[in-house]
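A.B. asks: Just dropping this structure here.
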């Protein structure tokens with residue numbers, strides 16, 4: 012994956028293009044003192060990655076992009092309550108099939124494995140199911156937003172009240188109301204096939220897409236726990252297909268999220284298929300069991316301008332070693348400097364010795 016570095020602050024018309032109202036509300040805004048135009052501090056790097064794929068890169072082949080950087084939110088969200096997550100993520104542009112979704116899901120699992128975060132559970136959903144049922148029922152934009160909000164909260168009574176105020180038929184209302192209860196293990200997909208039978212507008216195709224992704228993930232990752240929540244619609248504003256959230260035991264919020272968002276590049280003049288994920292690196296580091304301090308520390312070199320000493324320091328750094336050069340008059344111990352080795356002169360040569 013190719014590392015990109017989008018700007019932290021941009022003009023709003025570029026920063027929020029195609030991203031939906033939710034991201035607008037999460038974005039801190041300031042006035043450019045030179046032009047008078049409104050600018051925003053990025054709240055999500057995904058739309059920026061889509062713009063980079065559409066314009067600077069303009070590849071016909073699939074593009075794999077990754078990023079890491081601070082984002083700023085006006086309100087806390089699922090990233091452990093932080094308003095300034097250190098967002099890290101990856102996006103795959105240019106492929107529309109389930110294989111690219113599986114690649115992204117696998118990348119999430121490999122990231123967690125690298126950090127020794129165990130027992131991850133992935134919750135899968137598909138916004139195409141809700142969108143298809145909403146179109147089938149003829150919901151207005153306002154009714155769709157209200158129902159979306161109620162489904163996120165699994166507010167069954169409120170869902171029934173909203174549907175009762177629509178022009179949808181009994182069967183259409185029944186299917187939409189059923190989404191709140193379609194969550195659980197592998198049996199959910201089979202049950203959804205029965206409960207949503209007869210629905211049009213791509214609902215069955217969305218279910219088939221989830222089945223294909225699930226089958227590949229189970230084949231690649233033995234023992235993987237997959238849950239399904241057909242009312243899981245995070246990122247609904249610009250997601251178009253499979254969506255997912257990742258959870259681990261003992262942590263009450265998602266630790267990563269992602270999904271497919273094929274339409275986001277359209278506003279940049281290049282509607283390419285796209286799928287990806289993002290997470291907060293600070294949250295992952297807090298959950299990680301990996302000892303990143305294991306192994307050798309730095310080498311402490313004495314102060315001085317001796318040519319042989321400077322050459323030895325340069326050679327060690329070229330080999331990937333971390334060398335701390337002491338300053339004149341410095342009396343700190345190697346431990347104070349996080350060093351476990353010393354660069355010392357022996358028989359006219361500079362050699363590395365362990366701290367005794």
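Numbering (the numbering used here), first residue to last: 12 to 367.
No residue lacks a Cβ here, since even glycine has one placed at the ideal position from N, Cα and C.
Who are the near neighbours of residue 96 in its chain, counting only those whose CB is closer than 7 Å to its CB and skipping five residues on each side?
C.D. replies: As a position in the chain shown, residue 96 is number 85, starting the count at 1. Correct list, in chain order: 82, 90, 291 and 293.
A.B. asks: Looking only at its chain, what residues have a beta carbon closer than 8 Å to the beta carbon of residue 72, apart from the 5 residues adjacent to it on each side?
C.D. replies: The count along the chain shown starts at 1 and reaches residue 72 at position 61. 105, listed in sequence order.
A.B. asks: Buried or exposed: where does residue 170 fall if 16 or more other Cβ atoms within 10 Å of its Cβ makes it buried?
C.D. replies: Here residue 170 refers to the residue found at position 159 when the chain shown is read from its first residue. So residue 170 counts as buried.
A.B. asks: Please go through the stretch 137-173 and give each complete alpha helix (DSSP H) segment of 4 or more residues, from N-terminal end onward.
C.D. replies: The stretch 137-173 contains these whole alpha helix (DSSP H) runs: 138-148 and 152-163.
A.B. asks: By how many angstroms is the C-alpha of residue 150 removed from the C-alpha of residue 179?
C.D. replies: Walking along the chain shown from the start, residue 179 turns up at place 168. Walking along the chain shown from the start, residue 150 turns up at place 139. Residue 179 and residue 150: Cα-Cα distance of roughly 7 Å.
A.B. asks: Can you name the start and end residues of the beta strand (DSSP E) that residue 75 belongs to?
C.D. replies: For the purposes of this step, residue 75 is identified with residue 64 of the chain shown, where counting begins at 1. Note, residue 75: beta strand (DSSP E), 74-81.
A.B. asks: Over what stretch of residues does the beta strand (DSSP E) that includes residue 238 continue unbroken?
C.D. replies: The residue labelled residue 238 in the question sits at position 227 within the chain shown. Segment 236-240, the beta strand (DSSP E) holding residue 238.
A.B. asks: Apply the 10 Å Cβ neighbour rule to residue 272 and answer buried if 16 or more other Cβ atoms are within range, or exposed otherwise.
C.D. replies: On the chain shown, position 261 is the one that residue 272 refers to. Buried, because 16 or more other Cβ atoms sit within 10 Å of the Cβ of residue 272.
A.B. asks: Cα separation between residue 275 and residue 282?
C.D. replies: On the chain shown, residue 275 is found 264 positions in, with the first residue counted as 1. On the chain shown, residue 282 is found 271 positions in, with the first residue counted as 1. Whole-angstrom Cα-Cα distance: 7 Å.
A.B. asks: Touching or not, the stretch 217-232 and the stretch 161-175, by the rule of three or more beta carbon pairs under 8 Å?
C.D. replies: Judged by Cβ distances under 8 Å, the stretch 217-232 makes no contact with the stretch 161-175, as fewer than three pairs qualify.
A.B. asks: Taking one C-beta from the stretch 130-137 and one from the stretch 251-264 each time, how about it: are there three or more such pairs within less than 8 Å?
C.D. replies: With the cut-off at 8 Å, the stretch 130-137 and the stretch 251-264 touch.
A.B. asks: Excluding five sequence neighbours on each side, which residues of the same chain lie with their C-beta closer than 7 Å to the C-beta of residue 265?
C.D. replies: Reading the chain shown from its first residue, position 254 is the one you call residue 265. Answer for residue 265: 89, 256, 257 and 258, listed in chain order.
A.B. asks: Can you find the residues in the same chain that come closer than 8 Å, C-beta to C-beta, to residue 284, ignoring five residues on each side of it along the sequence?
C.D. replies: As a first step, residue 284 must be located in the chain shown, where it is residue number 273. Contacts found: 104, 105, 106, 107, 111, 271 and 273.
A.B. asks: Tell me whether residue 279 sits in a helix, a strand or coil according to DSSP, three-state version.
C.D. replies: Residue 279 sits at position 268 when you count from the first residue of the chain shown. Of the three classes helix, strand and coil, the one that applies to residue 279 here is helix, per DSSP.
A.B. asks: Could you give the C-beta distance for residue 40 and residue 23, rounded to a whole number, given that I count them as a contact under 8 Å?
C.D. replies: Against the chain shown, residue 40 aligns to sequence position 29. Against the chain shown, residue 23 aligns to sequence position 12. Right, their Cβ atoms sit about 7 Å apart.
A.B. asks: For the alpha helix (DSSP H) containing residue 124, list its first residue and its last residue.
C.D. replies: Here residue 124 corresponds to residue number 113 of the chain shown, with the count starting at 1. 109-125 is the extent of the alpha helix (DSSP H) around residue 124.
A.B. asks: Have a look at 93, 115, 361 and 84 and flag the residue whose alpha-carbon is nearest the alpha-carbon of residue 75.
C.D. replies: Position 64 of the chain shown, counting from 1, holds the residue named residue 75. Ranking 93, 115, 361 and 84 by Cα distance to residue 75 puts 115 first.
A.B. asks: Return the first residue and the last residue of the beta strand (DSSP E) that residue 49 is part of.
C.D. replies: One-based indexing of the chain shown puts residue 49 at position 38. That run of the beta strand (DSSP E) goes 49-52.
A.B. asks: Compute the distance between the beta-carbons of residue 336 and residue 314, then report whether it is under 8 Å.
C.D. replies: Along the chain shown, one-based indexing puts residue 336 at 325. Along the chain shown, one-based indexing puts residue 314 at 303. Yes; because the gap between Cβ atoms is below 8 Å, this pair is in contact.
A.B. asks: Using a 10 Å radius around the Cβ and a threshold of 16 neighbouring Cβ atoms, would you call residue 36 buried or exposed?
C.D. replies: Locating residue 36 in the chain shown gives position 25, where the first residue counts as 1. Exposed is the call here.
A.B. asks: Using the rule of at least 16 other Cβ atoms within 10 Å of the residue's Cβ for burial, across every protein chain shown, is residue 168 buried or exposed?
C.D. replies: The count along the chain shown starts at 1 and reaches residue 168 at position 157. Exposed, because fewer than 16 other Cβ atoms sit within 10 Å of the Cβ of residue 168.
A.B. asks: May I have the straight-line CA-CA distance separating residue 77 from residue 182, to the nearest angstrom?
C.D. replies: Position 66 of the chain shown, counted from the first residue, corresponds to residue 77. Position 171 of the chain shown, counted from the first residue, corresponds to residue 182. In a straight line, the C-alpha of residue 77 is about 44 Å away from that of residue 182.
A.B. asks: Given that a residue counts as buried once 16 or more other Cβ atoms are within 10 Å of its Cβ, and exposed if not, what is residue 20?
C.D. replies: Position 9 of the chain shown, counting from 1, holds the residue named residue 20. The residue in question, residue 20, is exposed, as its Cβ has fewer than 16 Cβ neighbours within 10 Å.
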